[in-house]
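J.: Shown below is the structure under consideration.
Shown next, in the form of structure tokens:
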């Protein structure tokens, strides 16, 4: 069956027509629908609406605040599910510290409240209600102990109550929350003029690109030779850097469906979040040694040349691996020493060569792990991964 795939990115349109993938740099002075039509109408016109599939990361996704009882269970599990639903998390809040936590200044698309198992009650009190009354949000969902559901429903009439994501045996039930967030993303798209106009050319649901990519991970090895589990996929784009990874690389297997998970670094994009990437680089203890290794000085960080953009892409590879390594105590530590292969996709693949990527990996592995051997590098030069999802291709 002939199908057309379209990915609306923050910097490029990607179109897969038959077996050919084309990239089009966006004109930011024009609406997405107008720009896409001017560039690709000859291709789009060849397909029926039923055969056109679109995913997008251009609408920015949903901003999310998660309030949880513990870092090791409720916050970790809810964060995991949100990321794998293509959601952008602006912050996580430990409930025990809610009185001292600053109030978010921006309007939040969805607040997730989670904590406890269903046999435990009186977990949440009016401290939570008082905090939420000060927060500007559009949606709120509760996925914690069922024993507290009636209390929250009485105090917050517009709250959505879903099954607890943690059962009494501490297993994760991710589907109800994931389905809710995916549908909320869909509703958000319909509300965004730039994106909802795309329904004029398709009858299929528009999903978030990170969600689609995460669904394709089990099939990557069939498309790209050299991809061996456990692996990570690093997607470096204009606004964010995403890392999708095999859960064999972590001690806690949080995902029960696919065996793959996702983290998002919103401040490590090369174009739209360039300033924050530079800031992160200047404040990292290893970066100046890395710049010397790359035969450049720190002045390159303040430059705006093509060469400086390439250096920033190399730095983004280092920083994302640093943030998930044992050298950095963050949300998650991956056992990078177990890694068999790394897949690179996104805008980075149009700029960096295989040898340049391998050079930065040698620095990462020597400096952070004291290893000389690096994983196999696979480059998705056509950014084809987002087209591999099985219910798309049959």
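In our numbering, the protein residues as written are 46 to 439.
Yeah, the Cβ is synthetic: ideal placement off N, Cα and C, and Gly gets one too.
For residue 279 and residue 402, I'd like the C-alpha separation in whole angstroms.
T.: Taking the CA atoms as reference points, residue 279 sits about 12 Å from residue 402.
J.: Less than 6 Å between C-beta atoms, sequence neighbours within five positions excluded: which residues of the same chain meet that for residue 301?
T.: Only weak support exists for where residue 301 lies, its pLDDT of 48 falling under 50; the value from the coordinates is given anyway. The answer, listed in chain order, is 217.
J.: Would you report the Cα separation of residue 349 and residue 59, rounded to the nearest angstrom?
T.: 25 Å
J.: If you pair each beta-carbon of the segment 266–280 with each one of the segment 369–388, do three or more pairs fall below 8 Å?
T.: yes
J.: Residue 294 and residue 407: beta carbons closer than 8 Å?
T.: no
J.: Just list the beta strand (DSSP E) runs in the segment 180–216, keeping only unbroken ones of 3 residues or longer that don't cross its boundaries, in chain order.
T.: 182–187
J.: Touch check for the segment 108–118 and the segment 74–81: three-plus C-beta pairs under 8 Å?
T.: no
J.: Return helix, strand or coil for residue 300, following the three-state DSSP convention.
T.: At residue 300, the pLDDT of 49 sits below 50, so the modelled position is not reliable; the number obtained from the coordinates is stated separately. The answer is coil: DSSP assigns residue 300 none of H, G, I, E or B.
J.: Between the segment 48–63 and the segment 411–431, can you find at least three pairs of beta-carbon atoms closer than 8 Å?
T.: yes
J.: If I'm right that residue 127 touches residue 157 with Cβ under 8 Å, what's the distance once you round it to whole angstroms?
T.: So it is a contact: roughly 7 Å between Cβ atoms.
J.: Within 10 angstroms of its Cβ, does residue 181 collect 16 or more other Cβ (buried), or is it exposed?
T.: exposed
J.: Given this structure, state the Cα-to-Cα distance separating residue 443 from residue 260, to the nearest angstrom.
T.: Shown here, the chain extends from 46 to 439; a query on residue 443 therefore has no answer.
J.: Return helix, strand or coil for residue 49, following the three-state DSSP convention.
T.: Three-state DSSP puts residue 49 in a strand.
J.: Expressed to the nearest angstrom, what Euclidean distance is found between the alpha-carbon atoms of residue 178 and residue 207?
T.: 21 Å
J.: Helix or strand or just coil, what does DSSP make of residue 288?
T.: strand
J.: Sorted by chain position, which residues of the same chain lie with C-beta nearer than 6 Å to residue 146's C-beta, five sequence neighbours on each side aside?
T.: 138
J.: Specify, as a first and last residue, the run of the alpha helix (DSSP H) that residue 82 falls within.
T.: Secondary structure note for residue 82: its alpha helix (DSSP H) is the uninterrupted segment 77–89.
J.: Count the other C-beta atoms from every protein chain shown that fall within 10 angstroms of the C-beta of residue 287, then say buried if there are 16 or more, exposed otherwise.
T.: Result: buried.
J.: So, under 8 Å CB-CB, residue 211 and residue 162 are touching, yes? Tell me the CB distance rounded to an integer number of Å.
T.: 6 Å
J.: Using only the alpha-carbon positions, how far apart do residue 43 and residue 97 sit?
T.: No information on residue 43 is available, as it lies outside the stretch 46 to 439 that the chain covers here.
J.: Classify residue 96 as helix, strand or coil using the three-state DSSP reduction.
T.: Residue state, collapsed to three classes: helix.
J.: So the beta strand (DSSP E) residue 148 belongs to, where does it begin and stop?
T.: Note, residue 148: premise wrong, no beta strand (DSSP E); not H, not E.
J.: Helix, strand or coil for residue 380? Go by DSSP, reduced to three states.
T.: Secondary structure of residue 380 (DSSP, three-state): coil.
J.: Does the segment 223–231 come into contact with the segment 391–398, if we say contact requires no fewer than three beta-carbon pairs (one atom in each stretch) closer than 8 Å?
T.: By the Cβ rule, the segment 223–231 does not count as touching the segment 391–398, because fewer than three pairs are nearer than 8 Å.
J.: Between residue 410 and residue 431, what straight-line distance do the alpha-carbon atoms span, to the nearest angstrom?
T.: 28 Å
J.: Do you know offhand how far residue 281's Cα is from residue 326's?
T.: 15 Å
J.: Is it buried or exposed, residue 439, if we count other Cβ atoms within 10 angstroms and call 16 or more buried?
T.: Residue placement at residue 439 is poorly supported in this model, since its pLDDT is 38, which falls under 50; the coordinates still yield a value, given next. Exposed: under 16 other Cβ atoms inside 10 Å.
J.: In its own chain, which residues sit with a C-beta less than 8 Å from the C-beta of residue 63, not counting the 5 before and 5 after it?
T.: 47
J.: Quick check: the Cα distance between residue 346 and residue 124, rounded to an integer number of angstroms?
T.: 32 Å
J.: Since residue 251 and residue 101 are thought to touch, with beta carbons under 8 Å apart, how far apart are those beta carbons, to the nearest angstrom?
T.: 6 Å
J.: If the criterion is Cβ atoms closer than 8 Å, does the pair residue 205 and residue 154 meet it?
T.: no
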